[in-house]
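**Student:** Letter 167 of the sequence shown, counting from 1, is numbered 167 in our numbering, and no numbers are missing.
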Amino acid sequence: MAMSQALDTSRAPSRWQDFLQLLKPRVMSLVVFTGLTGLVCAGQPVNPILGAVAILCIAVGAGASGALNMWYDRDIDAKMRRTRGRPVPAGRVQSADALAMGVVLSLFSVMLMGMALNWLAAGLLAFTILFYAVIYTVWLKRWTAQNIVIGGLAGALPPVIGWAAATGSAPLNAWLLCLIIFMWTPPHFWALSLYTSEDYAKAGIPMMPVVAGAASTRRQILIYSLLFVPICIVPAFTSLGGAAYLTVAGIGGLVFLLLAWRLFRSHAGESSDPRNDAGLYDVRAGAKDARNLFAFSILYLTLLFATLLVEHVVGLPALELF
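1. Enumerate in chain order the residues of its own chain whose CB-to-CB distance from A170 is below 8 angstroms, with the five nearest sequence positions on each side excluded.
2. Does the region 142-150 touch the region 89-103, meaning 3 or more C-beta pairs lie closer than 8 angstroms?
3. Could you say which of V138, M115, V110 and L117 lies nearest to F336 if we only look at CA atoms?
4. So, do the region 248-268 and the region 302-315 have three or more beta carbon pairs nearer to each other than 8 angstroms?
5. Using the C-alpha atoms, what's the distance from G51 back to N292?
6. Using a 10 Å radius around the Cβ and a threshold of 16 neighbouring Cβ atoms, would you call R86 buried or exposed?
7. Taking the runs of the alpha helix (DSSP H) that are 4 residues or longer, which of them lie wholly in the region 13-58?
8. Only counting the same chain, and skipping five residues up and downstream in sequence, which positions put a Cβ closer than 6 angstroms to that of R275?
9. Do you know offhand how far Q17's Cα is from L240's?
10. Let me know the secondary structure DSSP gives Q220 once reduced to three states.
11. At the level of alpha carbons, what is the spacing between I55 and T307?
12. For the alpha helix (DSSP H) that contains A201, what are its first and last residues?
13. Are the Cβ atoms of M208 and T196 separated by less than 7 angstroms?
14. Less than 7 angstroms between the C-beta atoms of I231 and L309, yes or no?
15. Mark K202 as exposed unless 16 or more other C-beta atoms lie within 10 angstroms of its C-beta, in which case mark it buried.
16. For L30 and A100, what's the separation of their Cα atoms in angstroms?
17. Would you verify that the beta carbon of N173 is, or is not, closer than 7 angstroms to some beta carbon of chain C?
18. What's the gap between the Cα of L259 and the Cα of D97?
19. Quick one, are the C-beta atoms of W190 and I150 less than 7 angstroms apart?
20. D75 lies in the alpha helix (DSSP H); which residues open and close that run?
21. Here's the rule: buried if 16 or more other CB atoms are within 10 angstroms of the residue's CB, otherwise exposed. What is Q44?
22. Pop quiz: V229 and L194 are said to be a contact at Cβ under 8 angstroms. What is the actual Cβ separation, rounded to whole angstroms?
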């Protein structure tokens with residue numbers, strides 16, 4: 001009877017909400033936000049309609065990447081508590097439909113970006129989709145514990161795409177925004193992986209806590225945090241950010257480092273050997289610290305880009321430090 005019900009559920013017609021979920025709307029919202037920030041910070045007047053088209057293309061491209069990711073990862077998604085309710089492993093969307101949707105949206109977003117804006121932005125968008133859907137999803141995610149480090153480039157490129165859409169170029173400040181997101185990604189996702197490590201282990205994904213143990217992961221989170229926070233302050237020295245940005249980057253950065261340090265110190269008495277690390281992560285020793293860092297990392301990145309966006313929209317002057 002249970003099997004019959006499962007089959008009936010898998011044959012149920014897909015709802016539009018299921019296809020929307022394929023696009024990973026929460027991830028898309030962050031991509032759109034950082035892409036918009038790059039577009040505005042470029043400082044080049046853009047026709048509002050063309051600007052809207054550029055953001056639409058970035059959003060659709062991000063959604064296409066998500067659909068392709070869910071199509072390919074349907075086997076491991078079904079094994080993880082956090083992802084087994086996604087449309088494809090849950091049987092609400094057929095895998096072929098997810099693949100078709102991803103391919104069509106990819107082509108649509110890249111071609112529209114190229115024809116409406118410029119082909120540099122379109123090329124960067126195409127590279128981002130390819131990198132996330134193929135390099136990260138097919139190769140990095142399943143084969144190396146550095147999957148998040150290298151794969152973070154896909155999520156870091158939207159501000160460069162937005163900048164290129166506005167100006168047809170990608171100067172140093174555009175890549176500085178990219179670098180901020182790139183360096184933010186490892187401590188952000190490794191904090192998440194610390195309290196979801198059992199899920200990753202079941203699915204056979206070599207996330208850092210699974211391969212190197214929780215203690216080693218916390219140490220690497222601290223190292224990346226020490227590199228990340230100073231980079232966040234750099235825009236104040238390149239005429240990209242103003243006094244408000246420097247204040248947010250400085251105070252928020254101190255909080256970020258404090259949370260990373262607390263997480264690092266929560267490993268007292270824990271072995272660095274993942275084979276002896278009961279349950280891969282001692283939830284009593286530091287799950288709260290990992291959750292706190294994960295949550296604040298989202299807030300910090302949002303505040304950084306929101307401050308840049310407001311400064312450039314309002315026209316606040318950049319700092320004259322030299």
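Each residue gets a CB set at the ideal place from its N, CA and C atoms; glycine is no exception.
Please read all numbers here as calculations on a predicted model, not as lab measurements.
**Tutor:** The structure says:
1. When the five nearest sequence neighbours on each side are left out, the beta carbons in the same chain lying within less than 8 angstroms of the beta carbon of A170 are those of L120, L124, V160, W163 and A164, in order along the chain.
2. Result no; under three Cβ-Cβ pairs closer than 8 angstroms.
3. Not covered by the structure: residue 336. The range shown for the chain is 1 to 322.
4. Taking a contact to require three or more Cβ pairs closer than 8 angstroms, the region 248-268 and the region 302-315 qualify as touching.
5. Rounded to the nearest angstrom, the two C-alpha atoms are 36 angstroms apart.
6. With 16 or more other Cβ atoms within 10 Å, it is buried.
7. Counting only runs of 4 or more, we get 16-22 and 25-41.
8. Below a pLDDT of 50, predicted positions are generally treated as unreliable, and R275, at 45, falls in that range; the measurement from the model is reported next regardless. None.
9. Note on geometry: alpha-carbon atoms of Q17 and L240 lie some 39 angstroms from one another.
10. Here Q220 sits in helix by DSSP.
11. About 19 angstroms.
12. Per DSSP, A201 belongs to the alpha helix (DSSP H) from S197 to A203.
13. The beta carbons of M208 and T196 sit no closer together than 7 angstroms.
14. Contact flag unset, no.
15. Classified as exposed, K202 has fewer than 16 neighbouring CB atoms from the shown chains inside 10 Å of its CB.
16. Roughly 24 angstroms between the two C-alpha positions.
17. Considering every chain present, this structure includes no chain C. It has just one protein chain.
18. Their Cα atoms are separated by approximately 42 angstroms.
19. Taking 7 angstroms as the Cβ cut-off, W190 and I150 do not qualify as a contacting pair.
20. Residues R74 to D77.
21. When all chains shown are included, Q44 counts as exposed.
22. With 8 angstroms as the limit, V229 and L194 do not qualify as a contact, their Cβ atoms being about 20 angstroms apart.
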